[in-house]
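Right, one structure below, let's go through it.
Numbering (this note's numbering), first residue to last: 15 to 156.
Set out below in structure tokens:
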């Protein structure tokens, strides 16, 4: 699953790498939420080491670095998402979710939003299951 998501960001399908400047976009797709500034610092460090392309293995190492998880506390994310659960049943309407992802915080692309929606769907529902989405993003043991 992870390698498949990573592959969506390859600039050249012949190469198994992504350009370092896409790091934030890829991290967000993997459920991480580092700041733009932290990500820019990491990209700058990579480029100073003349590392302009990242393999999947490089990305996994970065994914496990502490700075990528700063904003990934499950309870905090749950509280944030629950504010948009107007029925208090644990779900968010897909269109409302799409609007939230476009307008709050650092904006996501439509493709990234679609990926998150797919992660949040459970049992063919037409709404985002908050717990299921968090399980998919963070694992169910966090």
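We put the CB at the ideal spot given by N, CA and C, even for glycine. Note that the coordinates shown come from a computational prediction; the quantities given were computed from them, not determined experimentally.
- Query: Looking only at C-alpha atoms, which of 104, 22 and 98 sits nearest to residue 44?
  - Reply: In terms of Cα proximity to residue 44, the closest of 104, 22 and 98 is 22.
**Message:** Using 8 Å as the threshold, is the C-beta distance between residue 144 and residue 100 below it?
**Reply:** Result no, Cβ atoms of residue 144 and residue 100 do not sit closer than 8 Å.
- Contact check, residue 30 vs residue 70 under 8 Å by CB: the rounded distance? 7 Å
Beta-carbon spacing of residue 126, residue 42 below 8 Å: yes
I'd like the list of long-range same chain contacts for residue 148, defined as Cβ closer than 7 Å, with 5 residues on each side in sequence excluded.
Shown here for residue 148: same chain residues with a beta carbon closer than 7 Å to its own, the five before and five after excluded, namely 88, 91 and 92 in chain order.
Requested in this report: Answer yes or no: do residue 118 and residue 133 have a C-beta to C-beta separation smaller than 8 Å?
Outcome: For residue 118 and residue 133, no; Cβs fall outside 8 Å.
*Spell out the partners DSSP gives residue 67 in its beta bridges.*
33
Span of the alpha helix (DSSP H), counted from its first residue to its last, around residue 110: 108-117
query: Can the beta-carbon of residue 115 be found less than 8 Å from the beta-carbon of residue 95?
result: Taking 8 Å as the Cβ cut-off, residue 115 and residue 95 do not qualify as a contacting pair.
| Length of the line joining the Cα atoms of residue 40 and residue 65 | 17 Å
In whole angstroms, what is the alpha-carbon distance linking residue 113 and residue 25? 28 Å
For residue 93, report the span of its alpha helix (DSSP H) as first-last.
Looking at the DSSP string, the run of the alpha helix (DSSP H) that includes residue 93 is 88-96.
Only counting the same chain, and skipping five residues up and downstream in sequence, which positions put a Cβ closer than 6 Å to that of residue 136? 143 and 146
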